[in-house]
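Chemist: Quick note: the sequence shown uses my numbering, first residue 11, plus one each step. The beta-carbon is built from N, C-alpha and C at its ideal position, and this holds for glycine as well. As the structure is a prediction and not an experimental result, all values here were calculated from the model.
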Amino acid sequence: MNKLNFPSYQFRFKNNENKVSIFDVIRKKFIILTPEEWVRQHSVHFLHHEKKYPLQLINVEKQLRLNGLIKRYDVVGFYKDGSLQLIVECKAPSVKITQDTFDQIARYNMALKARYLMVTNGLNHYFCQLNYEEERYEFLQDIPDFSS
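1. Which same chain residues, not among the five before or five after Y126, have their C-beta less than 6 Å away from its C-beta?
2. So for V105, helix, strand or coil by DSSP?
3. At the level of alpha carbons, what is the spacing between F56 and N77?
4. Is the region 104 to 111 in contact with the region 80 to 93, if contact means three or more CB pairs nearer than 8 Å?
5. With a floor of 4 residues, list each alpha helix (DSSP H) that falls wholly inside the region 39 to 95, ordered by position along the chain.
6. In the DSSP assignment, what residue or residues form a beta bridge with Q139?
7. Give the single residue among S93, H58 and K90 whose Cα lies nearest to the Cα of I36.
8. Mind checking who F23 pairs with in its DSSP beta bridge?
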């Protein structure tokens, strides 16, 4: 896999029937290593190691119902009270981040109501903070560290 625009992390890999898997510390199992999974795992480690999110407050690849359709988010981070602090949308490094990507995470957030959004393809990262009272958002240079 290619080097991404994240700090270096230690990962566990396994090779089975010519398929490489990476250990997911959240799901506690090996997952087939795809380019998007490579970005997702870096995002999880970034949240945990750099932004100080406790592992028990990070969730990966769960379903949500949106306008009668079943969708899957990539990564979310919770506050200790169970409310949503952050949604992360991960794309493979070969996928350009476009308006469609932002539209996708905005649709997810209509149901989830997170305070922060992160969109990444592993090479480029975009962060924003939502202000629901004023119905606006603001792009940030980075997301803040975890706060309870």
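Modeler: This is what the structure holds:
1. L96, Q139 and I153
2. coil
3. 31 Å
4. no
5. 45 to 55
6. Y126 and E148
7. H58
8. I32
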